[in-house]
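Student: First, the structure itself, so that you have it in front of you.
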Amino acid sequence: MEDMFAHSENDKGEGHLLIQHLNAVAHVAGSLAEKFHSSAWGYLAGLLHDLGKCDPAFQDYLIRCTANPDQKIKGPDHSSAGAVLGWKQYFEGLAFILAGSTWLV
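Laid out in structure tokens, this is it:
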């Protein structure tokens, strides 16, 4: 996961490592969930939310975006992997949080 990225490069040509992104989001989500006495669940949701970005297809998508910055390219699904893991390993409510509103439509 060290060489995987969360986003395509910014205007300065810098990528955002996936592991750094997941850890940062986990900390923020955990802090926000403290209001509901659920910081551990928030932290877990933050760690799992972009798990699908580990997929080689998603990493290839980011490479294509960097190579073609003026082109609008639709990326592969990346929220379902964390949602499925959340459903199978924890509880189904976590899956809906991880999948986002697209599952609710």
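Positions 973 to 1077 (the working numbering) are the ones given, in order, by the sequence shown.
Just so you know, even glycine gets a beta-carbon here, dropped at the ideal spot from N, CA and C.
None of the values given here were measured: they were computed from a predicted structure.
(1) Where does V997 land, buried or exposed, given buried means 16+ other C-beta within 10 angstroms?
(2) Helix or strand or just coil, what does DSSP make of F977?
(3) Do you know offhand how far N982's Cα is from H993's?
(4) In chain order, what residues of the same chain lie with their CB nearer than 6 Å to the CB of A1053, ignoring the 5 residues before and after it?
(5) Tell me whether H988 sits in a helix, a strand or coil according to DSSP, three-state version.
(6) Would you mind sorting G1014 into buried or exposed? The rule is 16 or more other CB atoms within 10 Å of its CB.
(7) Starting from D1049, follow the alpha helix (DSSP H) in both directions and report where the run begins and ends.
(8) Looking at the unbroken alpha helix (DSSP H) that takes in G1065, where does it start and where does it end?
(9) Could you tell me which of L1016, R1036, Q1031, F1030 sits nearest to F1063, measuring between CA atoms?
(10) Which value, in whole angstroms, describes the spacing of the CA atoms of F1008 and A1067?
Tutor: By the coordinates alone:
(1) buried
(2) strand
(3) 14 Å
(4) L1023, G1024
(5) strand
(6) buried
(7) From DSSP, D1049 is part of no alpha helix (DSSP H); its letter is neither H nor E.
(8) 1064–1071
(9) L1016
(10) 18 Å
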